[in-house]
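Read through the structure below, which is laid out as structure tokens, and then see the notes.
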Amino acid sequence: MSDTLYDEIQREIAKYPDRRSAILPALRHAQEHYGWLSPEALEAVADGLDLSPARCLSVASFYDMFFLQPVGDHVVEVCTNLSCAMIGADKLLKEFERELDVKAPGTSADGTITLRCVECLGGCGWGPVVSVDEEYEEHFKIEDVAPLLERLRSTSRPSESHA
Ligand code: FES
């Protein structure tokens, strides 16, 4: 575990009477460090909290915000829950899949954009909601898909860095 991640986890633990209560922020820090919750990242969290990696994985797997597989430079998440589904989320998702030539959950062949479906993002009155690198875009329309992907591709790392 890097010193920085270890220190961050220890600072989170200090905020709670029980060190295990710091599991969500600890997972968050580990994901920021590793890019996703790899076995190594889960091991780091487990070591810091004195839990098993399996316990950390079981908690992480409950939340959409944690990535249990590697992701691209950008993460696009389409809410497909009821309110968004009723106003076109499925069509939006299909358009993203067509443009990226990938089935959600998955990452474009050039490694730049990961597409995922997520449960309700809490913006039901402003749907369909699409999360782009954790920033919510509301009332998202099919014609917004291509310009968004173009913008994201222009701010991605060169493909050779996706080793
Ligand atoms: S159902 Fe999509 S934000 Fe709630």
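Quick note on the numbering used here: the sequence shown kicks off at 186 and runs consecutively.
Beta carbons: idealized from backbone N, C-alpha and C, even for Gly.
Euclidean distance between Cα positions of residue i and residue j
{"i": "R201", "j": "A229", "result": "Going by the sequence as given, residue 201 is Tyr instead of Arg. Taking the straight line joining both Cα atoms gives about 19 angstroms."}
{"i": "P238", "j": "V330", "result": "38 angstroms"}
{"i": "S246", "j": "S339", "result": "31 angstroms"}
{"i": "D286", "j": "E193", "result": "38 angstroms"}
{"i": "V303", "j": "T265", "result": "6 angstroms"}
{"i": "S341", "j": "L333", "result": "13 angstroms"}
{"i": "Q297", "j": "D232", "result": "According to the sequence as given, residue 297 is Thr; it is not Gln. Computed Cα separation, rounded: 31 angstroms."}
{"i": "Y191", "j": "D258", "result": "24 angstroms"}
{"i": "F281", "j": "A211", "result": "32 angstroms"}
{"i": "G308", "j": "R283", "result": "25 angstroms"}
Candidates the options: closest to residue i by CA position
{"i": "M271", "options": "L242, W311 and S243", "result": "W311"}
{"i": "S243", "options": "G233, E217 and I208", "result": "I208"}
Closer than 7 angstroms: residue i CB and nearest the ligand MG heavy atom
{"i": "V261", "result": "Among the ligands in the structure shown, the ligand MG does not appear; only the ligand FES can be found there."}
Pair within 8 angstroms by beta-carbon distance, residue i and residue j
{"i": "L306", "j": "S316", "result": "yes"}
{"i": "V256", "j": "G220", "result": "yes"}
Per-residue burial, residue i [other beta carbons within 10 Å of its own, 16 or more giving buried]
{"i": "H214", "result": "buried"}
{"i": "E262", "result": "buried"}
{"i": "Q254", "result": "exposed"}
{"i": "S346", "result": "In this prediction, S346 scores a pLDDT of 42, lower than 50, which makes its location untrustworthy; no coordinate-derived value is stated."}
{"i": "I198", "result": "buried"}
Discussion item. Runs of 4 residues minimum, wholly inside the segment 204-275: which ones carry the alpha helix (DSSP H) assignment?
Written reply: Listed in chain order, the complete alpha helix (DSSP H) runs (minimum 4 residues) inside the segment 204-275 are 208-219, 224-234, 238-245 and 267-270.
Worksheet entry | Minimum length 3: unbroken beta strand (DSSP E) runs contained in the segment 292-327 | Here the runs fully enclosed are 298-303, 315-317 and 320-322.
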